[in-house]
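Colleague:
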Amino acid sequence: FWLKSFLSARKAVMHDFRERYTGKHVLAPMVRGSTLPMRLECLRYGADLVYCEELIDKKLLDLRRVINPHFGTIDYVSTREKVLVFSTIPEEKEKLVFQLGTADGPTAVRAALAVAQDVGAVDVNMGCPKSFSVKGGMGAALIKTPEVAADIVKSLRRELPAHIPVTCKTRMQPDDQKTIEFLQLMEKSGACAIGLHMRFTPDRPSQPARWGLLNNVKHSVSVPLIANGDIFTAEKAREFQAMVGADSLMVARGALRDPSIFARMRGLPAPDTKEEVVERFLDRCVKVGNSYQNTKWVLAQLVGDDSTFRDQPVRDAQETLQQAKSMTALCEWGGYRGFDQSAYPQGAYSAGFFKTQWDAMPWDDLQAAA
């Protein structure tokens, strides 16, 4: 009886996971891009799920957790470097996918458990082609070590609470059969959905995504496949679904250029101008205490493909932006008038904030990671 009940409950959970990853529009994990304010803006515009930027497992073993008294954010801070590693708020929890960079199961489990109370799902990066990841056995290197990839997924599924989905994100391989075998192995190991970047590992972002190859593999697994690659506009999203079709769509650079792409993909009202998008983003950064350094980088991406911004050539706007050295300067640049620096502690919007506020923070009694 107990076995029948267990299997019935597991089947119900997996069905719920399938619904969670089917017919969805998803923000991709992007280093520096998928930080808290961008995730929240994408959710505002209609994203169903948002991935955080990839965070390396070993970096998560030296954290303290604090509910930031100045912004209400849940911050995970390195005890060694005293810098923010990850930030979230309760409102995004159910739609937040935490992406791990990892090369072994036991470390992945420790890292995932460190943040499990504040995230909705855990994903394993199996597609990053950067040399740092590959040389460390992470990211795309896991495509060449499928037994290691499988053990990571199995370990996470075994040790994480049953209500937390475990997924992975990988890439196409030149040999369709190898792609199929890898996807099937991840499904067998416990991944309840798989993100699939439609490029090969050596491909550069400037090379067109290989949309057509998805047709060769998409029926090989029963878990949802989340297609990623060159979804830059709502029109491109519709074109892809008409041409190929996927269970769900993942948007990367298209969202970094304009997070309101998610509203446009659903035919919902969206801002008429990039100026409005920028002001909303700045408002979000101010409210969650985002560092001016990260805010500045994202702003450069937001206007990078435009010809003008605030009635000036975008090249001139970019030059002015690069000179900004504070949140005040960024708000002035973007035309946002709702910021009052005096309402916050000195350095609140700097990457070094926790170094100056360490002793004043109401840390949790226990460190986030053992």
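Start counting the sequence shown at 312; every next residue gets the next number (our numbering).
Beta carbons are placed, not taken as given, at the ideal position from N, Cα and C, and that holds for glycine.
All figures in this text were calculated on a predicted structure; none of them were measured in a lab.
Mark Asn526 as exposed unless 16 or more other C-beta atoms lie within 10 angstroms of its C-beta, in which case mark it buried.
Modeller: exposed
Colleague: Would you report the Cα separation of Asp415 and Arg568, rounded to the nearest angstrom?
Modeller: If you draw a straight line from the Cα of Asp415 to the Cα of Arg568, it is about 34 Å long.
Colleague: Taking only the alpha-carbon atoms, compute the straight-line gap between Arg350 and Leu366 and give it to the nearest angstrom.
Modeller: 15 Å
Colleague: With Val426 and Phe665 assumed to form a contact (beta carbons below 8 Å), what rounded beta-carbon distance in angstroms separates them?
Modeller: Actually they do not touch by this definition, with Cβ atoms about 17 Å apart.
Colleague: Determine the DSSP secondary structure at Arg595, reduced to helix, strand or coil.
Modeller: helix
Colleague: Do you know whose CA, among Gly565, Pro516 and Lys529, lies nearest Ala504's CA?
Modeller: Lys529
Colleague: Rounded to whole angstroms, what is the Cα-Cα separation between Ala679 and Arg375?
Modeller: Unreliable placement is indicated for Ala679, whose pLDDT of 41 sits below 50; the coordinate value is still reported in the next sentence. Approximately 5 Å between the Cα atoms of the pair.
Colleague: If you drop the 5 nearest sequence neighbours on each side, which residues of the same chain put their C-beta closer than 7 Å to that of Trp674?
Modeller: Arg375 and Val377
Colleague: Identify whether Cys353 lies in helix, strand or coil by the three-state DSSP scheme.
Modeller: helix
Colleague: Thinking C-alpha only, which one of Glu643, Phe511, Lys636 and Gly649 is nearest Gly658?
Modeller: Lys636
Colleague: Ser559: which of Thr399, Gln428 and Gly506 sits nearest, CA to CA?
Modeller: Gly506
Colleague: Can you give the beta carbon distance from Glu590 to Arg621, rounded, assuming they're within the 8 Å contact cut?
Modeller: Not really, about 10 Å apart at Cβ, beyond 8 Å.
Colleague: When you compare only the Cα positions, how much space is there between His508 and Val562?
Modeller: Going from the Cα of His508 to the Cα of Val562 covers about 10 Å.
Colleague: The alpha helix (DSSP H) that contains Asp487, what's its start and end?
Modeller: From DSSP, the alpha helix (DSSP H) with Asp487 extends over Asp487 to Ser500.
Colleague: Would you identify the three-state DSSP class for Pro624, choosing helix, strand or coil?
Modeller: strand
Colleague: So within the region 454 to 488, which uninterrupted beta strand (DSSP E) runs reach at least 3 residues, ignoring any that extend past its ends?
Modeller: 477 to 482
Colleague: So, with DSSP's three-state summary, where would you put Leu610?
Modeller: helix
Colleague: Evaluate the contact criterion for the region 383 to 392 versus the region 430 to 449: three or more CB pairs, one atom per stretch, below 8 Å.
Modeller: Touching, no, given that fewer than three Cβ pairs across the two stretches are closer than 8 Å.
Colleague: Could you please give the first and the last residue of the uninterrupted beta strand (DSSP E) stretch that includes Gln410?
Modeller: Leu407 to Gly412
Colleague: From what residue to what residue does the alpha helix (DSSP H) around Ile537 run?
Modeller: Note, Ile537: premise wrong, no alpha helix (DSSP H); beta strand (DSSP E) at Leu536 to Asn539.
Colleague: Does the count of Cβ pairs from the region 608 to 625 and the region 578 to 585 closer than 8 Å reach three?
Modeller: yes
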